[in-house]
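A short write-up of the structure that comes next.
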Amino acid sequence: MGRAFEYRKATKMKRWGNMARVFTKLGKQITMAVKDGGPEPDTNPRLRVLMQQAKKENMPKDNVERAIKKATSKDEADYKEVVYEGYGPFGIAIVVETATDNPTRTVANVRSYFNKHGGSLGTSGSLEFLFDHKCVFKISPKDGISLEDLELELIDFGVDELVQDEDENIILYGEFKSYSDIQKYLEENGFEIHSAEFERIPHELKEVTEEQRTTLEKLLDKFEEDDDVQNVFHNMQE
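Residue numbers (my numbering): 501 to 738.
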């Protein structure tokens, strides 16, 4: 198993265990995808994958339609994707990805979480050197195609790691900029896509004591509980 997969398995967001948070996150992603590429899945690859993902997460059809309608309504405020970077206590690097219709509110909340838990909000881009930004696809295997053959085929499309999880699904990691090329290959070759996400994988993990971990997890929980927050990444060793 590679570094990216082991990190992902250990730090899968807590909010994905909460159905309401899953729907909130997917709803915002669908709205932003429609804003960027239009409301028709046939001509909007990102929307197409998100709708497949919503179906697999048992997200009600009404929620999906409401998210699409929100993107085309002139009365609704736009969501903006804003990334915040900072250090938690004990020098742990934390990247917080948000989707917000009120950046003033969101930055105030994020700053207060850092400050109240012994950390500090940094400047944009200050932690980019500590993480690799990857696109991550989860797909079903296909009969007659081995992991090795698939990996060799996908190298040319930007995939740099491919592993099988405990449910025998295949996890693909690729360069951030290769997302559309990888999706196109998978769709054209009949692979079932369960999810397609973007993740930040730390270059190195930092060890902490159990006491320090407890303090850090209180800060991470505050981020996870905020509806504006989409993803939280850090370099704490699990």
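All residues carry an ideal CB built from backbone N, CA and C; glycine is no exception.
Just the Cα atoms here: how many angstroms apart are residue i and residue j?
{"i": "M736", "j": "K574", "result": "42 Å"}
{"i": "E738", "j": "I645", "result": "33 Å"}
{"i": "G537", "j": "Q712", "result": "44 Å"}
{"i": "T623", "j": "L526", "result": "27 Å"}
{"i": "C635", "j": "V596", "result": "17 Å"}
{"i": "E740", "j": "Q664", "result": "Here the chain comprises residues numbered 501 to 738, so residue 740 is not present and cannot be evaluated."}
{"i": "D632", "j": "S678", "result": "13 Å"}
{"i": "V732", "j": "M559", "result": "22 Å"}
{"i": "I682", "j": "S695", "result": "13 Å"}
{"i": "A520", "j": "K528", "result": "13 Å"}
{"i": "I592", "j": "E661", "result": "26 Å"}
{"i": "I701", "j": "V583", "result": "15 Å"}
{"i": "D726", "j": "L630", "result": "24 Å"}
{"i": "D667", "j": "H734", "result": "25 Å"}
Going by DSSP, what residue range makes up the beta strand (DSSP E) through residue i?
{"i": "L662", "result": "659 to 664"}
{"i": "Y579", "result": "Careful: Y579 lies outside any beta strand (DSSP E) and carries neither H nor E."}
Since residue i is in the alpha helix (DSSP H), which residue starts that stretch and which ends it?
{"i": "I568", "result": "561 to 572"}
{"i": "I530", "result": "519 to 537"}
{"i": "E653", "result": "647 to 654"}
{"i": "E675", "result": "Segment 670 to 675 is the beta strand (DSSP E) holding E675; no alpha helix (DSSP H) there."}
{"i": "S680", "result": "679 to 688"}
{"i": "K556", "result": "545 to 556"}
So, are the CB atoms of residue i and residue j less than 8 Å apart?
{"i": "G588", "j": "L719", "result": "yes"}
{"i": "Y579", "j": "A608", "result": "no"}
{"i": "K638", "j": "N689", "result": "no"}
{"i": "L627", "j": "E581", "result": "no"}
{"i": "F523", "j": "Y613", "result": "no"}
{"i": "A567", "j": "T531", "result": "yes"}
{"i": "S640", "j": "E699", "result": "no"}
For chain B, is any of its Cβ atoms less than 8 Å away from the one on residue i?
{"i": "Y579", "result": "Among the chains in the structure shown there is no chain B, since it carries only a single protein chain."}
Those runs of the beta strand (DSSP E) which lie wholly inside the stretch 691 to 734 and span at least 3 residues: 693 to 702, 729 to 734
Curious, which full-length alpha helix (DSSP H) runs of at least 4 residues does the stretch 588 to 640 contain? 603 to 616
With a threshold of 8 Å, are at least 3 pairs of Cβ atoms found where one atom belongs to the stretch 598 to 607 and the other to the stretch 546 to 561? no
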